[in-house]
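The numbering of the sequence shown is UniProt numbering, which starts it at 1 and goes up by one.
Yeah, the Cβ is synthetic: ideal placement off N, Cα and C, and Gly gets one too.
Beneath this line is the structure, given in structure tokens, with notes to follow.
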Amino acid sequence: MVGPRSLFLHVGLPKCGSSALQDWAGTNRALLARQGLDWPEPEATDHMAARHQWLVNALRFGPDARLEQALAAASGDVLISAEGLSRHLDDFDPAHLEWFRAVTTGWDVRLILMTRAPGDWVRAMWKDFMLNPAANADDYGLAVGLADFAALPRVRRLGDVRRLGRDLGAAYGARDLTEIDADDDWLPALGRLLDIDLTGASAPPRRHESVSDAVVPVIRAVNALADAPDGSDAALSGPLLALLQQALDSRNDSLRALEAVHGPGLAAQAEALSAAVARLPALAEAQGGDPASALVIETMAARLDALGGAGPDERKGDAA
Numbered sequence: 001m002v003g004p005r006s007l008f009l010h011v012g013l014p015k016c017g018s019s020a021l022q023d024w025a026g027t028n029r030a031l032l033a034r035q036g037l038d039w040p041e042p043e044a045t046d047h048m049a050a051r052h053q054w055l056v057n058a059l060r061f062g063p064d065a066r067l068e069q070a071l072a073a074a075s076g077d078v079l080i081s082a083e084g085l086s087r088h089l090d091d092f093d094p095a096h097l098e099w100f101r102a103v104t105t106g107w108d109v110r111l112i113l114m115t116r117a118p119g120d121w122v123r124a125m126w127k128d129f130m131l132n133p134a135a136n137a138d139d140y141g142l143a144v145g146l147a148d149f150a151a152l153p154r155v156r157r158l159g160d161v162r163r164l165g166r167d168l169g170a171a172y173g174a175r176d177l178t179e180i181d182a183d184d185d186w187l188p189a190l191g192r193l194l195d196i197d198l199t200g201a202s203a204p205p206r207r208h209e210s211v212s213d214a215v216v217p218v219i220r221a222v223n224a225l226a227d228a229p230d231g232s233d234a235a236l237s238g239p240l241l242a243l244l245q246q247a248l249d250s251r252n253d254s255l256r257a258l259e260a261v262h263g264p265g266l267a268a269q270a271e272a273l274s275a276a277v278a279r280l281p282a283l284a285e286a287q288g289g290d291p292a293s294a295l296v297i298e299t300m301a302a303r304l305d306a307l308g309g310a311g312p313d314e315r316k317g318d319a320a
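Have a look at this one:
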């Protein structure tokens, strides 16, 4: 007698290889399908890994027919991935979780939780969340230092992996939960769990990497500038971070997304940006500036000059 099929639900944690896993699954979708594992259509984004964000939204705001459609269309097991399935667990409506459990009745829901060493994970989370727009629901990392960030209730909640695992299992009606160390060679472990022969599969690319320690005080300086009481520089936050990305050419998806939005308009804002960049060194120093932070800011200024944005003093001289 054939047992129930498995719905593998990769739930995070954030900053634990989610983007790499999602890129790998999307790239190898045909190989997975040939071995009886469906990767349902994810939500494509320009600069973030394509993931099943629609399920997170369904659990927050109301049922989405795509879950039933994905399960009905599957010829074998199913793999769904979205780190918001752990990050937003406490934001989900109990009625929507009940809907999920009802739709997946008859399936073995098997959770995949990728983790890292606690200290490394908290630092990576802090670096990532300080880039979130202030209007975002996850803006609790914008203005606090590392120690205060680590003490935030939401961060402590995610970091308590044992308790989180129990709560995830209950919420999703899961058969089991497998924890995989994202700092190890995690792909073979994932392949064994999914019962997938990885021969011929492409390796997951490195992406959405955390910014270096030297960049952290610069980002915090930008946030401090945008958070000034008079609000006069709030609109410059996105453009300044886009300028930072152009200067660094980083592999951080959040910075890449900001550059895509604000990059084309940087030259038109050159005067305001030049004045703001001139204020960053003192602000970065107040944020515990790394010795290399000054070089990062100089690189931003040079990039702005290359876009035609001479500094205020130079423009005054030209006008004279």
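*When DSSP labels each residue in this structure, what does E179 get in the three-state scheme?*
Counting from 1 along the sequence shown, the entry for residue 179 is found at position 179. Residue state, collapsed to three classes: strand.
*Residues bridged to D38 [DSSP beta-bridge criterion]*: Counted from its first residue, the sequence shown places residue 38 at position 38. Looking at the DSSP assignment, D38 forms a beta bridge with V78.
*Name the two residues that bound the continuous alpha helix (DSSP H) containing H96.*
Position 96 of the sequence shown, counting from 1, holds the residue named residue 96. Run containing H96: P94 to V103, per the alpha helix (DSSP H) assignment.
*Taking just the CA atoms, how far does Q246 sit from S212?*
Here residue 212 is taken as the residue at index 212 of the sequence shown, counted from 1. Here residue 246 is taken as the residue at index 246 of the sequence shown, counted from 1. Taking the straight line from one Cα to the other gives about 15 angstroms.
*Entirely enclosed alpha helix (DSSP H) segments - the region 182 to 255, minimum 4 residues*: 186 to 194, 216 to 226 and 237 to 248
*Does the separation of the CB atoms of R77 and R162 fall below 7 angstroms?*
The sequence position of residue 77 within the sequence shown is 77, counting from 1. The sequence position of residue 162 within the sequence shown is 162, counting from 1. The sequence given here places Asp at residue 77; Arg does not occur at that position. No, Cβ-Cβ distance for D77 and R162 is not below 7 angstroms.
*Take L152 as the anchor and find which of V122, A70, S293 and D184 has the nearest alpha-carbon.*
Against the sequence shown, residue 152 aligns to sequence position 152. Closest by alpha carbon: V122.
*Where does L280 sit, in a helix, a strand or coil, going by DSSP?*
Numbered from its first residue, the sequence shown carries residue 280 at position 280. In the structure shown, L280 sits in a helix (DSSP, three-state: H, G or I).
*Beta bridge counterpart(s) of M114 as assigned by DSSP*: Here residue 114 is taken as the residue at index 114 of the sequence shown, counted from 1. Per DSSP, I180.
*asked:* Only counting the same chain, and skipping five residues up and downstream in sequence, which positions put a Cβ closer than 8 angstroms to that of V296?
replied: Working through the sequence shown from its first residue, we reach residue 296 at position 296. For V296, where only same-chain residues beyond five positions count, the Cβ hits under 8 angstroms are A214, V215, V218, L244, A247 and L248.
*State the start and end residues of the unbroken alpha helix (DSSP H) segment that holds residue 322.*
Summary: the structure shown does not reach residue 322, with the chain confined to residues 1 through 320, and so no result is reported for it.
*When we look at the beta-carbon of K316 and count the other beta-carbons within 10 Å, is it buried (16 or more) or exposed?*
Counting from 1 along the sequence shown, the entry for residue 316 is found at position 316. Low local confidence applies: a pLDDT of 37 at K316 is under 50, so the model's placement there is unreliable, and no value is given.
*Anyone know if the C-beta pair for L307 and A267 falls short of 7 angstroms?*
Position 307 of the sequence shown holds residue 307. Position 267 of the sequence shown holds residue 267. Yes, these two residues count as a Cβ contact at 7 angstroms.
*Can you give me the Cβ contacts of T115 inside the same chain, cut-off strictly under 8 angstroms, excluding the 5 residues immediately before and after it?*
Here residue 115 refers to the residue found at position 115 when the sequence shown is read from its first residue. Cβ neighbours of T115 beyond the five flanking positions: L13, C16, W121, V161, E179, I180, D181 and A182.
_Following a CB-centred definition, is G26 positioned closer than 6 angstroms to any heavy atom of the ligand FMN?_
In the structure shown, the ligand FMN is absent, as is every other ligand, since no ligand is present at all.
*According to the Cβ coordinates, are R51 and P40 closer than 7 angstroms?*
In the sequence shown, counting from the first residue as 1, residue 51 sits at position 51. In the sequence shown, counting from the first residue as 1, residue 40 sits at position 40. Contact flag unset, no.
*How many Å lie between W24 and D230 at the Cα?*
Translated into positions along the sequence shown, residue 24 becomes position 24. Translated into positions along the sequence shown, residue 230 becomes position 230. W24 and D230: Cα-Cα distance of roughly 46 angstroms.
*Could you tell me the distance, in whole angstroms, from the CA atom of S81 to the CA atom of R192?*
Against the sequence shown, residue 81 aligns to sequence position 81. Against the sequence shown, residue 192 aligns to sequence position 192. For S81 and R192, the distance between alpha carbons rounds to 17 angstroms.
_Please state the DSSP three-state secondary structure of R5._
On the sequence shown, position 5 is the one that residue 5 refers to. Correct three-state label for R5: coil.
_Residue of R206, A242 and Q35 minimising C-alpha distance to A260_ = Position 260 of the sequence shown holds residue 260. Minimum Cα distance to A260 is reached at A242.
*Just the C-alpha distance for A235 and V222, rounded to the nearest angstrom, thanks.*
Here residue 235 corresponds to residue number 235 of the sequence shown, with the count starting at 1. Here residue 222 corresponds to residue number 222 of the sequence shown, with the count starting at 1. Looking at the two C-alpha atoms, the distance is approximately 11 angstroms.
_By the DSSP assignment, the alpha helix (DSSP H) with P153 in it spans what residues?_
One-based indexing of the sequence shown puts residue 153 at position 153. First-last of the alpha helix (DSSP H) with P153: P153 to G159.
*For D108, does the three-state DSSP call read helix, strand or coil?*
Numbered from its first residue, the sequence shown carries residue 108 at position 108. It is a strand residue.
_Taking the alpha-carbon of L37 as reference, which of L190, D233 and G159 has the nearest alpha-carbon?_
Counted from its first residue, the sequence shown places residue 37 at position 37. The candidate whose alpha carbon is nearest that of L37 is L190.
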